[in-house]
Every structure is written in structure tokens, then in C-alpha cells.
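Adding 123 to a residue's 1-based position in the sequence shown gives its number in our numbering.
Glycine included, every Cβ here is placed at the ideal spot set by N, Cα and C.
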Amino acid sequence: MVYVLVEHAGGSLDAVTGELITAARPLGAVTAVVVGTPGTANQLAEQLRTLGADTIVAAEADHVAQRLIIPATDALSILAAANPAPILIAHGPSGNEIAGRLAARLASGVLCDVVAINPDLTATQSIFGDTITIGAAVGGASPIFTLRPGAVDAEPQAAPGTLVEQPLPEATTKDVTVTGFTPAVKGDRPELTQAKVVVAGGRGVGDEGFATYVEPLADALGGAVGATRDAVDAGAYDGAAQIGQTGVTVSPDLYIGLGISGAIQHKSGMQTSGTIVAINNDEDAHLFEIADFGIVGDVEKVVPEVIELIKARRG
124 MVYVLVEHAG GSLDAVTGEL ITAARPLGAV TAVVVGTPGT ANQLAEQLRT LGADTIVAAE
184 ADHVAQRLII PATDALSILA AANPAPILIA HGPSGNEIAG RLAARLASGV LCDVVAINPD
244 LTATQSIFGD TITIGAAVGG ASPIFTLRPG AVDAEPQAAP GTLVEQPLPE ATTKDVTVTG
304 FTPAVKGDRP ELTQAKVVVA GGRGVGDEGF ATYVEPLADA LGGAVGATRD AVDAGAYDGA
364 AQIGQTGVTV SPDLYIGLGI SGAIQHKSGM QTSGTIVAIN NDEDAHLFEI ADFGIVGDVE
424 KVVPEVIELI KARRG
């Protein structure tokens, strides 16, 4: 058996949940743990069955919407204390905090940001800016792993998805209470960490370059938009799109870098991409060193032609 913490929002599953269930399957029967307000698990049950959840645990309470971190920690720790088993959580600020709290409660080891998990409970990590791949193992009856989003391709496999309930403890004085919440507005583009195509812009595209070149090319390819730290620091694009050591890590099938020099800070967040294309007017840009295809030229001249060619090919 293996526990998977279900990621969901607005009544639908996050794509990483399918990746977690796929990664967990070699470890045993998958128990998907849904933490939410009453009715959430029932709403997600059919999707979870399609993805491969053998059991669906409804850890629900009215107060969950006003609390952070603790409800998920409580649900998983109660389950694992009664029936120890590996635990998989999505890598990220919240997931890593939940993992750390679980490790302390369950006296089990934790590995964060893994890219694969093996049947023998060892895991693969890509470290030092994705320049080195290592195998790692942790002890304890319920080893905990946080899986990097996008590292595993989801492979749906229908399962029974038997629904069971798990009561949650009430909040305590140590809980953080949410008094207001404004969800991030999601656009029509794919999530950056899970997109199959990413078009990223650097300082070289200028302040207007994202709206003029980066976004139109991403939209033509059905991809997501990324940015370098320099571009974000300059206010050219939102910080949520930052790729690199201090941003997110992406590994799309196709990565296109526009006006990006290729500093190690940025390369560490994208160099595991399937095919890398660099467009820059500086032939000495470091991004060309890892690019599969490179175009030395001005973004404002090359990109419009590329977009027209894509449109022509698609009719």
C-alpha cells in the first residue's frame, strides 16, 4: 500500500495528482487521500478511479477551508500511524512543509524533489542544477517522498476507488486561520511546470518583448510562458513564471529560449528539457552550449517569421 496526497482546486484535480498515482503504483495499492470540505472526495472520485486509485480516503471537515497545512498533515499521519506505508506528496512549498511535519510525527525519513521512485523504496534525485543524478534511500516505516511536478508522465489505469471516510481533528490554538483567500487567476495556457512546450524570455527581449514575441509564440505552440530571473527582477514579467534555481524547474518536450544568455541560475531549471532551441543575437550566449538547435539573430525578426510558418503549417 502507498498513500498519495491528492492535489485539487475548484472541484478538479491538479495534473500532478495523476503523476503521483503513476509514480506510486509500483509501491503497492494506491490510497488517494483527499483533504477538503464535505463532498470534495465524492466529486473527485471518478477521476481518481480513472487515474488508478484503489482506495479513496475522504478526509473532510467544514473547517478545512480556513486552515493551512495541518489538515493534510493530520490526515496522513493518522492513516500512516495505524497502517504504515510510503507517502507521496507533490513537491512545492506546501508539500515540502507537510512532508517535514509528517517525518517528525512518524519518525520516518523524507526525500524532497525526487524525479522517480523505485519499488525498493529508493528514489532518484536530480541535484546541483540537474547536472548530477543520484539514488537515495531513507528509513522508517512510512518513508515520505515529494515528487517534482512534470518528472513522471501520468499513465491512467482504472482501479476500484473504494471510498472511505477519515475524520479530521478540530483546529487548535496553534493553527493558522485563513481570514481571506483570493485564488490565483489561471489563464488559458498550460501550467508552467507541466507544460509540454515552454517559451521563455530573458532580458534580451526587452520590456515589451513578452507581449510582442514570447506570448504569441507560446500561444502558437500551445505552450506556457517562462522567464529568467533578470527579466522578472526588471519587472518585465510575473515572478510566478521564473525558471531556475530561485524559480521553478521545467522539463518540457520543447523549450524555446528567446533573448536568454544562459546563466547557470536559469539553465539549472530547464536543461533537462527534451529539445532546446535558443534564439539570440549574441553567438557567444551560453544557452547555445546546451541547445539542440540555435538561431543567431534578432528575436524581433526571427519570431514573427516562425509564428507565420507555424500558422501556415496548421492551415
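From what residue to what residue does the beta strand (DSSP E) around residue i run?
i: SER249; result: 245-250
i: THR269; result: 267-270
i: LEU211; result: 210-213
i: ALA181; result: 178-183
i: THR154; result: 153-159
i: ALA239; result: 233-240
Which term fits residue i, buried or exposed, when burial requires 16 or more other beta carbons within 10 angstroms of its beta carbon?
i: ASN241; result: exposed
i: VAL426; result: buried
i: THR395; result: buried
i: LEU229; result: buried
i: LEU315; result: buried
i: GLU331; result: exposed
i: GLY385; result: buried
i: LYS297; result: exposed
i: ASP177; result: buried
i: ILE221; result: buried
i: PRO283; result: exposed
i: PHE251; result: exposed
i: PHE333; result: buried
i: LEU432; result: exposed
i: ALA414; result: buried
i: PHE416; result: exposed
i: ARG190; result: buried
i: PRO194; result: buried
i: GLY133; result: exposed
i: GLU142; result: buried
i: LYS390; result: buried
i: THR295; result: exposed
i: ALA204; result: exposed
i: GLU130; result: buried
i: THR188; result: For the sequence presented, residue 188 should be read as Ala rather than Thr. Looking at its Cβ environment, which holds fewer than 16 other Cβ atoms inside 10 Å, ALA188 is exposed.
i: THR254; result: exposed
i: ARG148; result: buried
i: THR76; result: With the chain covering 124 to 438 only, the question about residue 76 has no answer from this structure.
i: THR145; result: buried
Under DSSP, the alpha helix (DSSP H) around residue i begins and ends at which residues?
i: GLU423; result: 422-436
i: LEU451; result: Absent from the structure is residue 451, since the part of the chain shown begins at 124 and ends at 438.
i: GLY223; result: 216-229
i: ALA69; result: Beyond the ends of the chain as shown, which are 124 and 438, falls residue 69; an answer cannot be given.
i: LEU174; result: 163-174
With which residues is residue i paired in a DSSP beta bridge?
i: GLN131; result: The amino acid at residue 131 is misidentified as Gln; the sequence shows His. DSSP lists LEU136 as partners of HIS131.
i: ARG190; result: THR300
Count the C-beta pairs between the stretch 334-353 and the stretch 362-381 that are closer than 8 Å, then say yes if the count reaches three, no if not.
Contact between the stretch 334-353 and the stretch 362-381 is present, with at least three C-beta pairs closer than 8 Å.
Check whether the stretch 195-205 touches the stretch 153-168, counting contact only when three or more Cβ pairs, one atom from each stretch, lie closer than 8 Å.
The stretch 195-205 vs the stretch 153-168: in contact.
Counting only runs that start and end within the stretch 275-362, where is the alpha helix (DSSP H) found for 4 or more residues in a row?
Correct list: 338-344 and 352-356.
Beta strand (DSSP E) segments (min. 3 residues) lying fully within the stretch 363-431:
Taken in chain order, the complete beta strand (DSSP E) segments of 3 or more residues contained in the stretch 363-431 are 377-381, 398-403 and 416-419.
contact_flag[the stretch 340-347, the stretch 273-292] where n(CB pairs < 8 Å) is 3 or more
Between the stretch 340-347 and the stretch 273-292 there are fewer than three inter-stretch CB-CB distances shorter than 8 Å, so the stretches are not counted as touching.
So does the stretch 269-280 actually touch the stretch 134-154, counting three or more Cβ pairs closer than 8 Å?
Short answer: they touch.
Do three or more CB pairs link the stretch 257-270 to the stretch 201-216 at distances below 8 Å?
Output reads yes: the stretch 201-216 touches the stretch 257-270.
The stretch 295-315 touching the stretch 403-417, judged by at least three CB pairs closer than 8 Å:
Touching, no, given that fewer than three Cβ pairs across the two stretches are closer than 8 Å.
Are three or more beta carbon pairs between the stretch 179-197 and the stretch 291-301 nearer than 8 Å?
Of all C-beta pairs linking the stretch 179-197 to the stretch 291-301, three or more are shorter than 8 Å, placing the two stretches in contact.
Sufficient close CB pairs (3 or more, under 8 Å) joining the stretch 318-328 to the stretch 229-237:
Contact fails: fewer than three Cβ-Cβ distances are below 8 Å.
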